[in-house]
Amino acid sequence: MAEIIRMPKMSDTMEEGVIAAWLKKVGDAVKPGDILAEVETDKATMELESYEEGVLLYIGVEEKNAVAVNGVIAIIGEKGENIDALLKDISGGGAPAAKAEHKKEEKTEAPKEEKAAPAPPKAEAPKESIDVSGINATVLTMPKMSDTMTEGTIASWLKKVGDAIKSGDIIAEVETDKATMELESYDDGILLYIGVEAGNSVEVDGVIAIIGEKGADYQTLLKAHKSKSGGAEAPAVEEQKEEKPATPAEKTSESKPVESKPSTPAAPTASTSSSDNGRVIASPLAKKMASEKGIDITLVKGSGEGGRIIRRDVESFDPASVKPAAMPTAAASSTPVSGPVLGQESFREEKVSQMRKVIAKRLAESKFGAPHFYLTMEINMDKAIAARQSMNEISPVKISFNDFVIKAAAMALKQHPKVNSSWLGDKIRYNDHIHIGMAVAVEEGLLVPVIRFADSKSLSQISTEAKTLGGKAKNKELQPKDWEGNTFTISNLGMFGIDEFTAIINPPDACILAVGGIKETVIVKNGQMQIGNIMKVTLSCDHRVVDGAVGSAFLLTLKGLLEDPVRMLI
Numbered sequence: 004m005a006e007i008i009r010m011p012k013m014s015d016t017m018e019e020g021v022i023a024a025w026l027k028k029v030g031d032a033v034k035p036g037d038i039l040a041e042v043e044t045d046k047a048t049m050e051l052e053s054y055e056e057g058v059l060l061y062i063g064v065e066e067k068n069a070v071a072v073n074g075v076i077a078i079i080g081e082k083g084e085n086i087d088a089l090l091k092d093i094s095g096g097g098a099p100a101a102k103a104e105h106k107k108e109e110k111t112e113a114p115k116e117e118k119a120a121p122a123p124p125k126a127e128a129p130k131e132s133i134d135v136s137g138i139n140a141t142v143l144t145m146p147k148m149s150d151t152m153t154e155g156t157i158a159s160w161l162k163k164v165g166d167a168i169k170s171g172d173i174i175a176e177v178e179t180d181k182a183t184m185e186l187e188s189y190d191d192g193i194l195l196y197i198g199v200e201a202g203n204s205v206e207v208d209g210v211i212a213i214i215g216e217k218g219a220d221y222q223t224l225l226k227a228h229k230s231k232s233g234g235a236e237a238p239a240v241e242e243q244k245e246e247k248p249a250t251p252a253e254k255t256s257e258s259k260p261v262e263s264k265p266s267t268p269a270a271p272t273a274s275t276s277s278s279d280n281g282r283v284i285a286s287p288l289a290k291k292m293a294s295e296k297g298i299d300i301t302l303v304k305g306s307g308e309g310g311r312i313i314r315r316d317v318e319s320f321d322p323a324s325v326k327p328a329a330m331p332t333a334a335a336s337s338t339p340v341s342g343p344v345l346g347q348e349s350f351r352e353e354k355v356s357q358m359r360k361v362i363a364k365r366l367a368e369s370k371f372g373a374p375h376f377y378l379t380m381e382i383n384m385d386k387a388i389a390a391r392q393s394m395n396e397i398s399p400v401k402i403s404f405n406d407f408v409i410k411a412a413a414m415a416l417k418q419h420p421k422v423n424s425s426w427l428g429d430k431i432r433y434n435d436h437i438h439i440g441m442a443v444a445v446e447e448g449l450l451v452p453v454i455r456f457a458d459s460k461s462l463s464q465i466s467t468e469a470k471t472l473g474g475k476a477k478n479k480e481l482q483p484k485d486w487e488g489n490t491f492t493i494s495n496l497g498m499f500g501i502d503e504f505t506a507i508i509n510p511p512d513a514c515i516l517a518v519g520g521i522k523e524t525v526i527v528k529n530g531q532m533q534i535g536n537i538m539k540v541t542l543s544c545d546h547r548v549v550d551g552a553v554g555s556a557f558l559l560t561l562k563g564l565l566e567d568p569v570r571m572l573i
């Protein structure tokens with residue numbers, strides 16, 4: 004008898020899993036213990052083992068697609084076994100039953116409420132649950148691309164209404180709070196409807212597009228989706244009503260007006276390989292290859308769909324042929340720039356990026372929710388400067404002063420565990436492990452990649468990891484595991500010539516260390532004035548967790564380690 008294989012819960016926080024790769028295909032014989040697929044969870048990529056014996060009759064989730072915990076992913080049974088009934092049940096056989104039960108409940112309750120005349124007509128509204136079984140189209144909703152994501156912004160559409168779509172095609176670029184990611188289609192068909200214009204945001208699970216067969220009644224599908232989501236999609240349906248006159252008039256003649264909206268961003272894409280907001284439209288592989296070869300990808304002309312830059316474009320790119328063309332463009336563009344008239348007021352407004360929205364939300368919550376207080380201390384860096392110079396003569400990687408601060412902070416946290424803590428409302432969490440968050444400035448805002456178990460790593464290991472994570476942050480290549488789990492954060496603005504500053508605590512940490520630059524100044528030592536190299540650090544503390552004496556003791560230990568770095572090598 005055929006058995007349904009469902010997505011197991013592989014971690015305590017797992018809500019859904021992504022099929023990273025199928026290791027078996029339909030028709031393959033399967034034995035208990037065989038690995039069916041690799042599943043990507045919120046924590047790791049794990050193997051999905053079969054506990055059944057038989058033949059793989061059905062695969063319900065394509066590779067790179069997500070399915071909720073307990074969702075159907077496969078069916079295993081005997082060779083040639085009929086699984087039509089099972090498939091019918093999976094594809095929504097239970098839904099009508101549920102609706103029928105709901106109607107029965109309404110009928111039984113109706114006599115009780117007969118006196119209330121207005122109630123029955125309202126109760127009939129759910130009857131409008133529209134039958135969409137004959138509509139061969141799929142509603143695409145905004146996926147949740149990170150653990151903190153609540154909405155996504157369509158950075159650019161790579162397809163327009165009327166375009167043919169194949170499974171695996173990238174249809175849009177989505178800007179989340181962490182990075183800009185590609186939205187891949189898992190369906191074949193025609194792009195019938197775009198629900199969100201480029202530059203606009205939509206909540207997770209909000210409708211962004213519909214893909215289906217040519218001429219499919221997607222308006223009915225939208226209405227059905229709206230009724231299911233309790234009216235959340237009302238704006239989309241209203242927009243669709245406005246477009247309605249365009250659709251009945253028939254595909255060829257009226258498809259142009261419908262397409263005119265999305266095609267606006269697509270037009271510059273074809274010639275310049277970038278959207279109207281300046282974002283380069285290129286595959287991740289093309290971007291990586293261009294970076295490795297030192298090619299400015301904005302100069303590469305894309306030959307993919309919608310002017311998208313793909314691997315062969317980078318491989319065949321000749322910088323010499325482009326530079327002459329680029330120079331006149333620059334000259335031409337410089338000619339008309341006459342600058343604003345003297346005294347003329349001007350400004351420009353930009354939509355807030357997802358990253359900036361999350362930074363604003365989280366730091367406002369921290370600043371106004373956690374009572375901050377600040378402790379500042381001066382540290383003599385003379386010995387640290389000498390030690391760094393000596394270490395860099397033999398170190399496999401160049402060690403920075405920031406690496407010294409990370410190592411010293413990790414060792415100081417070991418001695419002062421109360422600083423390595425989090426406020427959880429009705430309890431305080433004291434972390435035994437030490438994961439240092441390292442604030443990195445990127446074009447759109449700020450990212451905090453995490454150096455894990457920093458107390459047990461050498462200076463050269465910390466330096467290597469910090470450089471790798473910093474590069475990933477700037478290239479938007481960080482994965483969730485790279486930015487999660489910090490227990491303490493360091494923000495360093497010394498390289499910008501800042502002497503001292505105060506930082507806002509990065510939740511869920513209880514403290515953040517703000518590091519200023521090293522400044523040559525006059526100091527008094529043994530009653531004599533002399534030149535010394537002084538660095539100021541400021542510890543921002545959450546007073547609900549850390550008191551002044553605890554924070555001060557931590558800074559004294561940090562000062563001792565940086566003023567005599569040999570102690571960090573023990």
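Quick note, the sequence shown lines up with residues 4 to 573 if you use the working numbering. Don't be surprised by glycine CBs; every beta carbon is placed ideally from N, CA and C. As the structure is a computational prediction, the values presented were derived from the model and not from experiment.
Two segments are said to touch when three or more pairs of C-beta atoms, one from each, lie closer than 8 Å; by this definition the segment 527 to 540 does not touch the segment 427 to 444. Gly80 is a Cβ neighbour of Gly57, given a cutoff of 7 Å.
C-alpha of Tyr377 to C-alpha of Glu206: approximately 37 Å in a straight line. Ile526 and Thr151 have their C-alpha atoms roughly 47 Å apart. Contact check for Ile493 and Ala412: beta-carbon distance about 6 Å, within the 8 Å limit, so the pair qualifies. According to DSSP, Thr379 shares a beta bridge with Thr541. DSSP links Arg391 through a beta bridge to no other residue. A residue is called buried once 16 or more other Cβ atoms fall within 10 Å of its Cβ, and Phe456, having fewer, is exposed.
By the Cβ test, the segment 424 to 434 is not in contact with the segment 361 to 369, since fewer than three Cβ pairs between them sit closer than 8 Å. By the CB criterion at 7 Å, Asp180 and Gln418 fall outside the cutoff. Selection Ile397, Ala444 and Asn489 evaluated against Gly474 yields Ala444 as nearest (Cα-Cα). Linking Gly310 to Lys290 through their CA atoms gives a straight-line distance of about 14 Å. Looking from the CA of Pro483, the closest CA among Ile213, Leu450 and Gly519 belongs to Leu450. With a threshold of 16 other beta carbon atoms within 10 Å, Arg391 meets it and is buried. Counting along the chain, Asn405 sits inside the alpha helix (DSSP H) bounded by residues Phe404 to Gln418.
Contiguous beta strand (DSSP E) elements confined to the segment 157 to 189 occur at 173 to 178 and 183 to 187, taking only those with 3 or more residues. A straight-line Cα-Cα distance of about 16 Å links Asn509 and Gly554.
Per the coordinates, the alpha-carbon of Ile312 lies some 11 Å from the alpha-carbon of Phe320. Between the segment 68 to 86 and the segment 21 to 40 there are three or more inter-stretch CB-CB distances shorter than 8 Å, so the stretches are counted as touching.
Restricted to the segment 426 to 509, the alpha helix (DSSP H) segments that are unbroken, complete and at least 4 residues in length are 462 to 477 and 483 to 486, listed in chain order.
Under the three-state reduction of DSSP, Val135 is assigned to coil, being neither helix nor strand. Counting only the Cα atoms, Ala212 lies some 7 Å from Thr144. Gln347 and Glu353 have their C-alpha atoms spaced approximately 20 Å apart.
By the neighbour-count criterion, in which a residue is buried when 16 or more other Cβ atoms sit within 10 angstroms of its Cβ, Glu318 is exposed.
Taking the C-beta atoms as reference points, Leu516 is found no nearer than 7 Å to Phe504.
In the three-state DSSP reduction, Gln533 falls in the strand class (E or B). The residues Asn73, Gly74, Val75 and Ile76, in chain order, have a CB closer than 7 Å to that of Arg9 in the same chain once the five nearest residues on each side in sequence are set aside. Shown here, Val518 sits in a strand according to DSSP, grouped into three states. The residues Gly440, Met441, Val443, Leu472, Gly473, Lys475, Ala476, Leu481, Asp485 and Trp486, in chain order, have a CB closer than 8 Å to that of Pro452 in the same chain once the five nearest residues on each side in sequence are set aside. About 40 Å separates the Cβ atoms of Val303 and Val408, ruling out a contact at the 8 Å cut-off. Look at Tyr54 here: in three-state DSSP terms it is coil, with no helix or strand label.
In this model, Lys91 and Leu161 are separated by some 35 Å (Cα to Cα).
In this structure the segment 380 to 396 touches the segment 559 to 566; the number of beta carbon pairs closer than 8 Å is three or more. For Glu396 and Thr467, the gap between their C-alpha atoms comes out near 16 Å. When the Cα atoms are used, Gly209 and Leu559 turn out to be separated by approximately 52 Å. Taking Val29 as the centre and dropping the five residues before and after it, the same chain places the C-beta of Leu59, Leu60, Tyr61 and Ile62 closer than 8 Å to its C-beta, in chain order.
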